[in-house]
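Enquirer: Protein chains in written order, with this note's numbering: chain A, 1 to 457; chain B, 1001 to 1457.
This is the structure, below, for whatever I ask next.
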């Protein structure tokens, strides 16, 4: 029978770096490998071409009355640079201690090996398991899933027949405390470029006559937060839904103190908007952050120039029920309103994704019309994790953004059950990425239990 | 007799770029050439070594009762890049129309050719002219004169025996309207670096918990100007001396309208502190400008990072009687006071030079104890320019800074008579730099008259 450690090791050997065209063969190899495993598991495998890296769409059909779960994953990985920081080569997986090292072991090939291993186990016991499964494994996740929205639109009718999405591309604090992610912040932003004089000017000859674009951009940026730390854009908080008490209670069980967190960040004090602790603010609160600013002379020493231009890159993390489009328009309107006379303002890089949240069954704010299959999936996951990892999972929203989760809900109406299988120790996106063999083993057992729980009774 | 056009052409042929060690031979060549011309004119020439490029110190002695003038110039030039923008090679001087083209023709070899030509003419008529002259020609002006302060200190006693400094390293608006520069703004500044978290952070995972250094630097920068455009540093204006009415009157004769100036800058409106027009503000008012700002991700597209650091380069142009040290300390104190908690602030690049101003004879604010030789120099220059250029010169302070002028006064007590011989058409520091042969010709005549006027009667 399929050995998940062997599967993961074989899978990682293909250098499937989506960001770099030089790794084209690695992407093909990883995709073909995953297709082979899925065929071996009895799936009908289709490879759907996109503008860039094809998407694997694999189906296990069955009676239309059976529950239907979509399992999402990605076969692409982050670039392995800097190579000289790896203890062993990134695409030559090796086991040291109870970990398998290699690029992609945790993100996202390890969790897929868990799912493959669990299915092999379940199908060996019950080849006629009454459950329909559709695998969606994309190859562009690490570069922002540029083809995924189009794919969803084209396959919407087929996908919306399913009951839920199951995935493991989020994290947990440690192998003892698994997190089921119940929400993700949305993301929207703008790049703002200001132009003052037609060309860079000598600050001696012309200083004092005109508004310096760096001054203008500083004053604009400074206007975007109130002294109490809240975002100072009229209407910004209008649609913000406060976290439920049970969500704060769950977070209170999170194994990290504020003092730990401060030390981790390396700051002497937090800076949060009123009403949230720092640990709450990063999950429940919306933000406006400056990701980059530039203008004028940035080299060594001094050059007494008044620059013609300055720019800033702004992104905002959104929480339910803020809408990306609406908030981006509020920002644009506010900036236009505050732009000083004599300065030309241009916007670029308009991108965005709305926030996502789901409420598991059994809470005061669980929707009355929640799908019974989704409810059963959460309950099965809870029971399976409690049994196999030894502790009840925490249900937490996460501060990051996974735009495909919001897109899936928008296009198909489906909610997602996100089970965190990687931990901070795994070094995602960094040298010496690894995946815990303990989590792999417990994960296979838990996923098997969950899959069985999902099947028709 | 010495032909100033030939001298300029020969002098320009030496590529004396001080910023680039590759031009070492060019610097040696230009220096030796200037020394040769000065010896030919009867000067006793000394080459004073410095840490970098030696200074020419050439003397024409005489009776100690004779007036004594120091003539300042520099034999180094700006780099010629971008080379492909030159019509003819920068170090192969050619005449087109009534202009000599080549790097350094205007800045500063042309004005020196004027001085050499004038002296040759005067000495031919009167070999025993009762005037002592000391030439100081440095080779590091285009890189900020790093060796000059030390040189001044070492030769202070010898130099302070002179009565005044004469130089032509400033500009005039056109060949019909010569400007005698009566003041220069001072310059001081700081580079400010702010550090927030110990490393760059993911803005999804950590956004909302801590103060983003770009936000902090924007708020600091925004705090440095009041809404009316004045610099918002307590004490900044305490020592500012308002321009005299005659200075405003002189400026009103300057051949540029506010509308012209706006078009030149390419702005739809000015931004000046109260009490000054834009043309006044750049000469009579102090400023605080941001010359560069940077932090976070500045590449193409988007990277959702909270940066660990952000920096800004600030310089201030100072007017009499502000003092560079005092103002820089006020800025430091204000920044430290306003730096938000949780942010580490560091300063670098502390540099500075105080402003300079001189009042020519015949004004309400001319010092009662003004040296008669200085007064005669201004009067001779005025008469010579009026006669040879056809129009009375304007007496104007300039917005730029020439730190050596302030240093000379500080070390020797000497004032400077600065006669502007280059014009905007000359393309200083840019491709196709040139010098007007009309100005060269009129300049020789005017300088000859001035020199004769300066000599003992």
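Yeah, the Cβ is synthetic: ideal placement off N, Cα and C, and Gly gets one too.
Being a predicted model, the structure only gives us computed values, none of them experimental.
Provide the residue span of the beta strand (DSSP E) that contains residue 44 of chain A, from first to last.
Expert: Position 44 of the first chain, counted from the first residue, corresponds to residue 44 of chain A. Element bounds for residue 44 of chain A: 44–48.
Enquirer: Here's the rule I'm using: 16 or more other beta-carbon atoms within 10 Å means buried, otherwise exposed. How should residue 1263 of chain B be labelled?
Expert: Residue mapping note: residue 1263 of chain B aligns to position 263 of the second chain, counting from 1. Exposed, by the Cβ-count rule.
Enquirer: Could you tell me the boundaries of the beta strand (DSSP E) in which residue 138 of chain A lies?
Expert: Position 138 of the first chain, counted from the start, is the residue given in the question as residue 138 of chain A. Residue 138 of chain A -> beta strand (DSSP E) spans 132–138.
Enquirer: Roughly how many angstroms separate the alpha carbons of residue 51 of chain A and residue 105 of chain A, rounded to a whole number?
Expert: Working through the first chain from its first residue, we reach residue 51 of chain A at position 51. Working through the first chain from its first residue, we reach residue 105 of chain A at position 105. Roughly 26 Å between the two C-alpha positions.
Enquirer: Residue 315 of chain A touches chain B at which residues, Cβ-Cβ below 8 Å?
Expert: Locating residue 315 of chain A in the first chain gives position 315, counting from the first residue. Those within 8 Å of residue 315 of chain A in chain B are 1203, 1302, 1304.
Enquirer: Grab the span of the beta strand (DSSP E) containing residue 1237 of chain B for me, first residue to last.
Expert: Locating residue 1237 of chain B in the second chain gives position 237, where the first residue counts as 1. Per DSSP, residue 1237 of chain B belongs to no beta strand (DSSP E) and is neither H nor E.
Enquirer: Using C-beta distances below 8 Å, list every residue in its chain close to residue 1020 of chain B, excluding the 5 sequence neighbours before and after it, in chain order.
Expert: Mapped onto the second chain, residue 1020 of chain B falls at position 20. Result list for residue 1020 of chain B: 1079, in chain order.
Enquirer: Taking 8 Å as the limit between beta carbons, can you name the residues of its chain near residue 353 of chain A, skipping five residues before and five after?
Expert: What you label residue 353 of chain A is simply residue 353 of the first chain in a count that begins at 1. Cβ within range, chain order: 186, 187, 188, 324, 401, 403, 406, 407.
Enquirer: Taking 8 Å as the threshold (C-beta atoms), are residue 1313 of chain B and residue 1195 of chain B in contact?
Expert: What you label residue 1195 of chain B is simply residue 195 of the second chain in a count that begins at 1. What you label residue 1313 of chain B is simply residue 313 of the second chain in a count that begins at 1. It is not a contact, given that the beta carbons lie outside the stated cut-off.
Enquirer: If we count the other Cβ atoms within 10 Å of its Cβ and call it buried at 16 or more, is residue 95 of chain A buried or exposed?
Expert: Locating residue 95 of chain A in the first chain gives position 95, where the first residue counts as 1. It is exposed - the Cβ of residue 95 of chain A has fewer than 16 other Cβ atoms within 10 Å.
Enquirer: Please identify, using Cβ separations under 7 Å, the residues of the stretch 60–85 of chain A that lie next to chain B, in order along the chain.
Expert: From the stretch 60–85 of chain A, no residue has a Cβ closer than 7 Å to chain B.
Enquirer: Consult DSSP for residue 1363 of chain B and reduce its assignment to one of helix, strand or coil.
Expert: For this step, residue 1363 of chain B is matched to residue 363 along the second chain. In the structure shown, residue 1363 of chain B sits in coil (DSSP, three-state: anything other than H, G, I, E or B).
Enquirer: Is the Cβ-Cβ distance between residue 432 of chain A and residue 66 of chain A less than 8 Å?
Expert: The residue labelled residue 432 of chain A in the question sits at position 432 within the first chain. The residue labelled residue 66 of chain A in the question sits at position 66 within the first chain. Contact flag unset, no.
Enquirer: Does the beta carbon of residue 1327 of chain B sit closer than 8 Å to a beta carbon anywhere in chain A?
Expert: Locating residue 1327 of chain B in the second chain gives position 327, where the first residue counts as 1. For residue 1327 of chain B, the answer is no, since every Cβ of chain A falls outside 8 Å of its Cβ.
Enquirer: Taking its Cβ as the centre, do 16 or more other Cβ atoms sit within 10 Å of residue 320 of chain A, making it buried, or is it exposed?
Expert: Here residue 320 of chain A refers to the residue found at position 320 when the first chain is read from its first residue. It is buried - the Cβ of residue 320 of chain A has at least 16 other Cβ atoms within 10 Å.
Enquirer: Return yes when the Cβ of residue 123 of chain A is within less than 8 Å of the Cβ of residue 41 of chain A, no when it is not.
Expert: Numbered from 1 along the first chain, position 41 holds the residue referred to as residue 41 of chain A. Numbered from 1 along the first chain, position 123 holds the residue referred to as residue 123 of chain A. Result yes, Cβ atoms of residue 41 of chain A and residue 123 of chain A sit closer than 8 Å.
Enquirer: What does the alpha-carbon distance come out to for the pair residue 1282 of chain B and residue 1249 of chain B?
Expert: Position 282 of the second chain, counted from the first residue, corresponds to residue 1282 of chain B. Position 249 of the second chain, counted from the first residue, corresponds to residue 1249 of chain B. If you take the alpha carbons of residue 1282 of chain B and residue 1249 of chain B, they lie about 15 Å apart.
Enquirer: If I'm right that residue 1148 of chain B touches residue 1048 of chain B with Cβ under 8 Å, what's the distance once you round it to whole angstroms?
Expert: Here the question's residue 1148 of chain B lines up with position 148 in the second chain. Here the question's residue 1048 of chain B lines up with position 48 in the second chain. Residue 1148 of chain B to residue 1048 of chain B, Cβ: 11 Å. No contact.
Enquirer: Listing by chain order, which chain A residues have their CB less than 8 Å from the CB of residue 1270 of chain B?
Expert: Taking the second chain and counting its residues from 1, the one referred to as residue 1270 of chain B is at position 270. Ordered by position in chain A, the residues that pass the 8 Å Cβ test against residue 1270 of chain B are 209, 210, 342.
Enquirer: Assess contact between the stretch 270–280 of chain A and the stretch 224–238 of chain A, defined as three or more Cβ pairs (one per stretch) separated by less than 8 Å. Is contact present?
Expert: Segments in contact, yes.
Enquirer: Looking at the strands, I want to know which residues DSSP matches up with residue 1289 of chain B.
Expert: Taking the second chain and counting its residues from 1, one reaches residue 1289 of chain B at position 289. Answer is B:1315.
Enquirer: Counting pairs of Cβ atoms below 8 Å between the stretch 416–426 of chain A and the stretch 1012–1030 of chain B, do you hit three or more?
Expert: No, because fewer than three Cβ pairs between the stretch 416–426 of chain A and the stretch 1012–1030 of chain B fall closer than 8 Å, the two stretches do not touch.
Enquirer: For chain B, find out if any of its Cβ atoms is closer than 8 Å to the Cβ of residue 97 of chain A; answer yes or no.
Expert: Here residue 97 of chain A refers to the residue found at position 97 of the first chain. Chain B, which has no Cβ nearer than 8 Å to the Cβ of residue 97 of chain A, makes this no.
Enquirer: Give the interface partners of residue 1337 of chain B over in chain A, defined as CB-CB distance under 7 Å, in chain order.
Expert: Counted from its first residue, the second chain places residue 1337 of chain B at position 337. By Cβ distance, chain A contributes nothing, its closest Cβ being about 16 Å from residue 1337 of chain B, past 7 Å.
Enquirer: Three-state secondary structure (DSSP) at residue 343 of chain A?
Expert: Counting from one through the first chain, the residue named residue 343 of chain A turns up at place 343. Three-state DSSP puts residue 343 of chain A in coil, outside helix and strand.
Enquirer: Can you give the beta carbon distance from residue 1139 of chain B to residue 1076 of chain B, rounded, assuming they're within the 8 Å contact cut?
Expert: Start at 1 with the first residue of the second chain, and residue 1139 of chain B comes out as number 139. Start at 1 with the first residue of the second chain, and residue 1076 of chain B comes out as number 76. With 8 Å as the limit, residue 1139 of chain B and residue 1076 of chain B qualify as a contact, their Cβ atoms being about 5 Å apart.
Enquirer: How about residue 449 of chain A and residue 387 of chain A: are their beta carbons less than 8 Å apart?
Expert: On the first chain, residue 449 of chain A is found 449 positions in, with the first residue counted as 1. On the first chain, residue 387 of chain A is found 387 positions in, with the first residue counted as 1. Cβ atoms of residue 449 of chain A and residue 387 of chain A: closer than 8 Å.
Enquirer: Does the CB of residue 1290 of chain B have a neighbour CB from chain A at under 8 Å?
Expert: To locate residue 1290 of chain B, count along the second chain from 1; it is residue 290. Interface residue, yes.
Enquirer: What do you reckon, are the CB atoms on residue 1074 of chain B and residue 1161 of chain B nearer than 8 Å?
Expert: Numbered from its first residue, the second chain carries residue 1074 of chain B at position 74. Numbered from its first residue, the second chain carries residue 1161 of chain B at position 161. Not a contact, by the Cβ cut-off of 8 Å.
Enquirer: Mind checking if residue 1281 of chain B is an interface residue toward chain A, Cβ cutoff 8 Å exclusive?
Expert: Counting from one through the second chain, the residue named residue 1281 of chain B turns up at place 281. At least one chain A Cβ lies under 8 Å of residue 1281 of chain B.
Enquirer: Given this structure, state the Cα-to-Cα distance separating residue 1055 of chain B from residue 1156 of chain B, to the nearest angstrom.
Expert: On the second chain, position 55 is the one that residue 1055 of chain B refers to. On the second chain, position 156 is the one that residue 1156 of chain B refers to. Residue 1055 of chain B and residue 1156 of chain B: Cα-Cα distance of roughly 15 Å.
Enquirer: Say whether the stretch 163–172 of chain A touches the stretch 110–128 of chain A, bearing in mind that this needs 3 or more beta-carbon pairs closer than 8 Å, one atom from each stretch.
Expert: Yes, the stretch 163–172 of chain A touches the stretch 110–128 of chain A.
Enquirer: Is it right to say residue 127 of chain A is buried, meaning 16 or more other beta carbons lie within 10 angstroms of its own, or is it exposed?
Expert: To locate residue 127 of chain A, count along the first chain from 1; it is residue 127. With fewer than 16 Cβ atoms within 10 Å of its Cβ, residue 127 of chain A is classed as exposed.
Enquirer: Closer than 8 Å, Cβ to any Cβ of chain A: which residues of the stretch 1248–1273 of chain B, in chain order?
Expert: Per Cβ criterion, the list reads 1261, 1265, 1266, 1267, 1268, 1269, 1270, 1271, 1272, 1273.
Enquirer: Determine, for residue 1388 of chain B, whether the minimum Cβ-Cβ distance to residues of chain A falls below 8 Å.
Expert: Position 388 of the second chain holds residue 1388 of chain B. Not one chain A Cβ lies under 8 Å of residue 1388 of chain B.
Enquirer: Which partner residues of residue 188 of chain A appear in the DSSP bridge assignment?
Expert: Along the first chain, one-based indexing puts residue 188 of chain A at 188. A:316, A:352, per the DSSP bridge assignment.
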